[in-house]
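Chemist: In UniProt numbering, the protein residues as written are 1 to 157.
Below you'll find the structure I mean.
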């Protein structure tokens with residue numbers, strides 16, 4: 001896939017890349033073929049750590065009452081639901097490369113913000129306190145690689 005300067009694909013042709021690894025312990029064997037599939041376990045663990053669901057302080061019975069949200073409150077969330085959690089932004093971020101175990105990265109911070117500003121959620125302060133340390137949110141150095149690699153328009157600068 002070839003990206004133009006604007007970040008969008010110029011061609012729909014996707015080339016599959018394979019890596020062949022030679023195993024010196026088996027000199028007569030053919031090289032092993034491995035696909036270029038990234039390990040996303042840390043990314044998904046970080047996503048789960050922000051508790052990406054609505055949390056209420058009062059117990060709600062399913063179907064008993066709707067969680068009303070005004071149009072103005074809903075407009076605050078526009079542009080945050082479009083993230084497809086592809087992790088292109090996080091994996092292109094040098095701050096994330098250097099501190100992936102501590103720094104949440106742009107995708108998780110965006111999703112965390114989405115839940116913090118949701119008017120239906122009662123745990124905004126608790127969510128903020130979970131990411132209020134030296135690494136979780138404040139390790140962004142505004143390199144802005146995330147904006148260049150995001151396939152969605154909402155992260156373009």
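Beta carbons are placed, not taken as given, at the ideal position from N, Cα and C, and that holds for glycine.
Just so you know, these numbers come straight off a predicted model, no measurement behind them.
Taking the alpha-carbon of residue 70 as reference, which of 119, 47, 151 has the nearest alpha-carbon?
Modeler: Translated into positions along the chain shown, residue 70 becomes position 70. Of the listed residues, the one whose Cα sits closest to residue 70 is 119.
Chemist: Among 100, 145, 132, which residue has its Cα nearest to the Cα of residue 160?
Modeler: Nothing about residue 160 can be read from this structure; the chain reaches only from 1 to 157.
Chemist: In whole angstroms, what separates the C-alpha of residue 152 from that of residue 106?
Modeler: By one-based count along the chain shown, residue 152 stands at place 152. By one-based count along the chain shown, residue 106 stands at place 106. In a straight line, the C-alpha of residue 152 is about 13 Å away from that of residue 106.
Chemist: From this set, 54, 81, 80, which residue's C-alpha is nearest residue 68's C-alpha?
Modeler: Looking up residue 68 in the chain shown gives position 68. Cα-wise, what sits closest to residue 68 is 54.
Chemist: For a test of the three-state rule: what should DSSP assign to residue 136, helix, strand or coil?
Modeler: Translated into positions along the chain shown, residue 136 becomes position 136. Coil, per DSSP.
Chemist: Hey, quick one: how far does the alpha helix (DSSP H) through residue 47 stretch, first residue to last?
Modeler: The count along the chain shown starts at 1 and reaches residue 47 at position 47. Residues 41-49.
Chemist: Which residues mark the beginning and the end of the alpha helix (DSSP H) in which residue 87 is found?
Modeler: By one-based count along the chain shown, residue 87 stands at place 87. Counting along the chain, residue 87 falls outside any alpha helix (DSSP H), and DSSP gives it neither H nor E.
Chemist: For the putative contact between residue 135 and residue 102, defined by C-beta atoms under 8 Å, what is the C-beta separation to the nearest angstrom?
Modeler: Within the chain shown, numbered from 1, the residue matching residue 135 stands at position 135. Within the chain shown, numbered from 1, the residue matching residue 102 stands at position 102. Indeed they touch by this definition, with Cβ atoms about 4 Å apart.
Chemist: Measuring straight from C-alpha to C-alpha, what distance separates residue 116 and residue 123?
Modeler: As a first step, residue 116 is located in the chain shown; it is residue number 116 there, counting from the start. As a first step, residue 123 is located in the chain shown; it is residue number 123 there, counting from the start. Near 8 Å, if we compare the C-alpha coordinates of residue 123 and residue 116.
Chemist: Hey, quick one: how far does the alpha helix (DSSP H) through residue 127 stretch, first residue to last?
Modeler: Your numbering for residue 127 matches position 127 in the chain shown. Unbroken alpha helix (DSSP H) run through residue 127: 124-130.
Chemist: Take residue 38 and list the residues in its own chain whose beta-carbon comes closer than 6 Å to its own, dropping the five residues that flank it on each side.
Modeler: Here residue 38 corresponds to residue number 38 of the chain shown, with the count starting at 1. The answer is none, since no qualifying residue turns up.
Chemist: With a 10 Å radius around its C-beta and 16 neighbouring C-beta atoms as the bar for buried, classify residue 60 as buried or exposed.
Modeler: Here residue 60 refers to the residue found at position 60 of the chain shown. Classification for residue 60: exposed.
Chemist: Contact check, residue 143 vs residue 93 under 8 Å by CB: the rounded distance?
Modeler: Stepping through the chain shown from its first residue, residue 143 is reached at position 143. Stepping through the chain shown from its first residue, residue 93 is reached at position 93. Their Cβ separation, rounded to whole angstroms, is 7 Å, which keeps residue 143 and residue 93 in contact under 8 Å.
Chemist: If residue 86 and residue 146 are in contact, beta carbons under 8 Å, what's the gap, nearest whole angstrom?
Modeler: As a working mapping, residue 86 is identified with position 86 in the chain shown. As a working mapping, residue 146 is identified with position 146 in the chain shown. Between residue 146 and residue 86 the Cβ distance is about 12 Å, and since that is not below 8 Å, they are no contact.
Chemist: What does the alpha-carbon distance come out to for the pair residue 78 and residue 149?
Modeler: Against the chain shown, residue 78 aligns to sequence position 78. Against the chain shown, residue 149 aligns to sequence position 149. If I take the Cα positions, the gap works out to 20 Å.
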